[in-house]
Every structure is written in C-alpha cells, then in structure tokens.
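S.K.: Before anything else, here's the structure in question.
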Amino acid sequence: MGAAVVVAVVVVVAVVVVVLALSIRLVQQYQRGIVFRFGRVLDDVRQPGLHLIVPIADRMVRVSMQTTVIGVPAQGAITRDNVTLTVDAVVYYRVVDPVKALVNVHDYPAAVLQVAQTALRSVIGKADLDTLLGDRDRINAELKSVIDAPTEKPWGLLIERVEVKDVSLPEGMKRSMSRQAEAERERRARVIAADGEFQASRRLADASRAMAATPGAYQLRLLQTVVDVAAEKNSTLVMPFPVELLRFFDQIARPPAGQPSAAPDLGPVSESVATAAEADGTTR
C-alpha cells in the first residue's frame, strides 16, 4: 500500500508539473500575448509577465511591439519627366494593435514589404527628377502617407518613418547633370565677374570725379603708380612728368590774343622758283 501511495503521489506530481508547464506562459516586456480559445480570440490582451492559460483549449501567440526596420529592395521606376532610375528605401514600423496584426493580415512583415514596394513605384512615378533629388523630405512624407493608409486601421500597424536610401541614375544622365552643373557654375562666375566690373567702373568714375576737382591728385596717383612699378624690381624705369609743366609749355606755345599766327615755314626755295617769283613781280 505504501508503494502504491508513493507511485500515485509521483504520478499526481508529474501530472501537475505537466499541466503547469502547459498552462504557464511568459510574456516579455516588449511583447503582448493574444490567447485563442478553441480558435476564438479572447478580448483580454495579456501584458508582460507570467500568465496561466487552459491547456489544450487555449493557445497563446506573442506579438512583438518593437519597432521593426525592413529594407525595400531596389525598384526600377520612371519619373514624371521620363527618367529611368533605380530607388531603394527603408521602412520603420511597429504594431499598435496586436489583435488586428494577427487576425486581419497573414504575415504582416511580408505584407508591409509588398505595400512599400508598390508605394515606392507609385510615388516615384508622380515626381520629377529634380524633386526626387532635391526634396527628399517631401518624397519621404508622401511614401509614409501612402504606406500608412492601408496598414494602420485595417492591420493595426503604424508606419513611423520611410526614407529613400539611394537613387541610382544611368551613366548618361549623370554626365548630363555634370555638364549642367558645370554650365551653371560658369554662368554664376561670369555674372559675378560682370557685377565686379560694374562696381569697379562706378568706383573709378567716382574717383575720377574726385581727382578732377583736385588737380594735384593726378600727380599723387602717378607717384603711387611709380612706387608700385618700382616694387616689382623691373628693369624698366618710369620717370613721371608733371602735368602742370605740360600745361605751362602749352600756354607759351600759344600766341597772344589778337596777334595772328606766324606764316608757316615752307622749307628751302630752289633758284628756279625764286627767279620765277622775281619775274612775276617785275611784270606786275
């Protein structure tokens, strides 16, 4: 009898252990537990910790609430301005309603990936190349809204961020864009140089007017030019000639007011010309 009691106790303990092993479920902090009783979802979502379920009748499925990152493979697309390119992206999402994520969609990570691929082609087809390259924030926002529409309420998923990772252009398009950028930089350089010449001409005009009011300024500027030339250690020597001295010689060369100018010197006269002139005078 004692042996039978011991065996019975051992069997009972073993059964209890097995039942507890089948009944106890551990839910991690980043998880939520969804219990299916005979195939029907219970309304009570199990929070992190130890939980008991009914063996055989209940089945618990743990759903991770962490943010999941999936990479969208490179997709070939044609932009609105008929440029063929390849674009890949990254999608950040997390589960906000674990019941919908399990019941309403099968394999929600794969479903999110397919929606992201379709949305990427659709958004790229509606944008031109300049917008895609220069306004990434707008493209990312449009991708997020397009992917979030069919996944948030029906599937219980929240799309946190969508970012375009890389844009691959054909080699011909890259060369064309390089030439365009070079031409744009050359245009800016010419505009800046022309603007500098215009400003310099205005400054020179102002300086000439200021120097015209002060005649001595011309001489000072000439001396400054000589100093600049001499600093270069050139073999050419520049001697300044005062402008006032030129004006003095010009005044001396001019005849006084009312006095006729002297007859021009015609050069030496030959004997034949002189004889003809004397004969002409005698005749008269």
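Going by the working numbering, the sequence shown runs without a break in its numbering and finishes at 791. The C-beta atom is built at its ideal place from N, Cα and C for all residues, glycine as well. Nothing here was measured: the structure is a model prediction, and the numbers come from that model.
Strictly by DSSP, which residues pair up with serine 571?
M.R.: Bridge partners of serine 571: Gln538.
S.K.: Quick one: Cα of threonine 574 to Cα of arginine 539, how far?
M.R.: About 14 angstroms.
S.K.: Helix, strand or coil: which one does DSSP assign to threonine 638?
M.R.: Helix.
S.K.: Near alanine 581, what residues of its chain come up, given a Cβ to Cβ distance below 6 angstroms and the 5 sequence neighbours on each side ignored?
M.R.: Thr593, Asp595, listed in sequence order.
S.K.: If you compare alpha carbons, which of Ala584, Val698, Trp662, Arg587 is closest to tyrosine 600?
M.R.: Minimum Cα distance to tyrosine 600 is reached at Trp662.
S.K.: Return the residue from the list Val653, Ile666, Thr638 that minimises the CA-CA distance to valine 674.
M.R.: The option with the nearest alpha carbon to valine 674 is Thr638.
S.K.: Apart from the five residues just before and just after glutamine 624, which ones in its own chain have a Cβ nearer than 8 angstroms to its Cβ?
M.R.: Within the same chain, glutamine 624 has close Cβ partners Val579, Pro580, Gln582.
S.K.: Drop a sphere of 10 angstroms on the beta-carbon of leucine 627, count the other beta-carbons inside from all chains shown, and report buried for 16 or more, exposed for fewer.
M.R.: Per the 10 Å Cβ criterion, buried.
S.K.: With DSSP as the reference, identify every bridge partner of alanine 596, one or two as the case may be.
M.R.: Its beta-bridge partners are Val579, Val671.
S.K.: Consult DSSP for arginine 566 and reduce its assignment to one of helix, strand or coil.
M.R.: Here arginine 566 sits in strand by DSSP.
S.K.: Any idea if isoleucine 531 is buried or exposed, counting beta-carbon neighbours within 10 angstroms, 16 or more meaning buried?
M.R.: It is exposed - the Cβ of isoleucine 531 has fewer than 16 other Cβ atoms within 10 Å.
S.K.: Among the residues of its own chain, which have a CB less than 7 angstroms from the CB of tyrosine 615, if the five just before and after it don't count?
M.R.: Within the same chain, tyrosine 615 has close Cβ partners Ala608, Trp662, Leu664.
S.K.: Can you grab the Cα-Cα spacing for the pair valine 513 / alanine 521, in whole Å?
M.R.: If I take the Cα positions, the gap works out to 12 angstroms.
S.K.: Is it the case that the Cβ atoms of valine 602 and valine 548 are separated by a distance below 8 angstroms?
M.R.: Taking 8 angstroms as the Cβ cut-off, valine 602 and valine 548 do not qualify as a contacting pair.
S.K.: Suppose contacts are defined by Cβ-Cβ distances below 8 angstroms. Is valine 669 in contact with leucine 650 by that definition?
M.R.: Going by C-beta atoms, valine 669 is nearer than 8 angstroms to leucine 650.
S.K.: Counting along the chain, where does the beta strand (DSSP E) carrying glycine 556 start and finish?
M.R.: Per DSSP, glycine 556 belongs to the beta strand (DSSP E) from 556 to 559.
S.K.: Express the C-alpha separation of valine 524 and isoleucine 560 in angstroms, rounding to a whole number.
M.R.: Answer to the nearest angstrom: the Cα atoms are 14 angstroms apart.
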